[in-house]
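For the sequence shown, the numbering used here begins at 300 and goes up steadily by one.
Note that beta-carbon positions come from the ideal geometry of N, C-alpha and C, so glycine has one too.
Computed from a predicted model, the values in this text were never measured in an experiment.
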Amino acid sequence: MEGRRTILIVEDEPQLRGMLERYLRKEGYQVESTASGSGLRSIMARSKVDLVILDLILPDADGIELAKHLREGLNTNLGIIMLTGKGDEVDRIVGLEVGADDYVTKPFSLREFLARVKSVMRRVGDGASRARTPKIAEVVRFERWEFDLLRRRLVDPEQKEVTLTPGEFSLLKVFVENPGQVLSRELLLDQTRGFGSDSLDRTIDVQVNRLRQKLEIDPKNPRILKTVRGGGYIFAVNLT
Numbered sequence: 300m301e302g303r304r305t306i307l308i309v310e311d312e313p314q315l316r317g318m319l320e321r322y323l324r325k326e327g328y329q330v331e332s333t334a335s336g337s338g339l340r341s342i343m344a345r346s347k348v349d350l351v352i353l354d355l356i357l358p359d360a361d362g363i364e365l366a367k368h369l370r371e372g373l374n375t376n377l378g379i380i381m382l383t384g385k386g387d388e389v390d391r392i393v394g395l396e397v398g399a400d401d402y403v404t405k406p407f408s409l410r411e412f413l414a415r416v417k418s419v420m421r422r423v424g425d426g427a428s429r430a431r432t433p434k435i436a437e438v439v440r441f442e443r444w445e446f447d448l449l450r451r452r453l454v455d456p457e458q459k460e461v462t463l464t465p466g467e468f469s470l471l472k473v474f475v476e477n478p479g480q481v482l483s484r485e486l487l488l489d490q491t492r493g494f495g496s497d498s499l500d501r502t503i504d505v506q507v508n509r510l511r512q513k514l515e516i517d518p519k520n521p522r523i524l525k526t527v528r529g530g531g532y533i534f535a536v537n538l539t
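Laid out in structure tokens, this is it:
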């Protein structure tokens with residue numbers, strides 16, 4: 300049941316932290332909170348957390364470094380949403396590059412915040428028990444890669460498993476479900492984050508670049524995920 304899932308709020312502003320904690324509890328989530336990076340590490344060591352709401356700037360830690368630390372941990376299926384200020388675009392992009400799934404810019408409405416939380420929670424899932432029936436085969440192969448949609452596993456040509464964040468998994472899933480089709484940024488945003496996303500949002504560009512780093516022999520000259528100027532992106536190889 301989604302309402303039993305646990306969210307950790309890491310925010311040093313007491314009023315905002317308390318408001319988000321009360322709101323998410325009202326929505327049925329289990330919630331823990333802390334004002335510091337050290338508190339985050341302590342809670343993560345003793346609790347199973349599904350999603351971390353992480354402020355970019357904390358008194359004792361850099362939110363970007365914390366996101367990187369979380370993403371490099373054992374729980375690769377952890378969702379991460381960054382809380383950022385209006386002037387933090389560069390940091391938002393860096394946060395996405397190190398593994399955050401989404402961000403919310405302060406000030407924000409609680410409805411927008413909840414929509415982002417639910418979107419990331421859907422991506423996080425927990426394997427086949429929460430997976431929707433795929434539109435295509437459960438396992439697809441391309442360029443000697445193997446992508447298991449139900450087990451959320453990506454295996455490279457050397458038979459080594461490649462870790463995907465929830466956001467990367469969702470994006471690659473959309474691509475393999477639509478091979479050979481030009482997919483606009485707006486469509487990819489709608490499919491991975493929910494309808495009504497900002498068309499100027501650079502989340503998709505960052506996540507495509509992260510996927511290229513993992514999939515492509517030469518990420519600067521991609522063969523699998525190609526850019527279509529003025530159109531978006533295309534999954535340019537055949538599925539087998």
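Between which two residues does the beta strand (DSSP E) holding residue i run?
i	result
Ile306	305–309
Gly531	531–534
Arg522	Per DSSP, Arg522 belongs to no beta strand (DSSP E) and is neither H nor E.
Thr404	401–404
Glu445	444–447
Leu453	452–454
Val348	No beta strand (DSSP E) contains Val348, which DSSP labels as neither H nor E.
What's the call for residue i, buried or exposed, on a 16-neighbour Cβ count within 10 Å?
i	result
Ala399	buried
Thr333	buried
Phe446	buried
Gln458	exposed
Asp517	exposed
Arg451	buried
Thr526	exposed
Ser469	buried
Pro358	exposed
The alpha helix (DSSP H) that contains residue i, what's its start and end?
i	result
Val419	409–423
Ile503	502–514
Val475	465–476
Ile363	362–370
Report the three-state DSSP secondary structure of residue i (helix, strand or coil).
i	result
Thr319	It is worth fixing the name first, because residue 319 is Leu in this sequence and not Thr. Of the three classes helix, strand and coil, the one that applies to Leu319 here is helix, per DSSP.
Ser332	strand
Thr383	strand
Ile356	strand
Arg528	coil
Gly378	strand
Glu460	strand
Quick check: residue i and residue j, are their CB atoms within less than 8 Å of each other?
i	j	result
Gly378	Val423	yes
Ile352	Arg501	no
Ile533	Val473	no
Ile585	Arg316	Examination of residue 585 is not possible in this model, given that the chain is present from 300 through 539 alone.
Arg370	Gln329	no
Ser335	Asp361	no
Val454	Lys513	no
Ile363	Arg415	no
Lys417	Leu382	no
Whose CA, out of the options, lies closest to the CA of residue i?
i	options	result
Glu467	Ser483, Leu448, Val536, Glu485	Leu448
Gly531	Asp359, Ala334, Arg410, Leu487	Leu487
Ala421	Arg443, Gly529, Asn376, Leu524	A quick correction: the sequence has Arg, not Ala, at residue 421. Selected option, being the one with the closest Cα: Asn376.
Glu437	Arg303, Leu538, Arg370	Leu538
Lys325	Asp401, Arg410, Ala344	Arg410
Val439	Asn477, Arg511, Glu364	Asn477
Ala366	Ala344, Ser346, Leu339, Val389	Leu339
Strictly under 8 Å for the Cβ-Cβ distance: is residue i near chain B by that measure?
i	result
Glu312	The question asks about chain B, but that chain is absent: this structure has only one protein chain.
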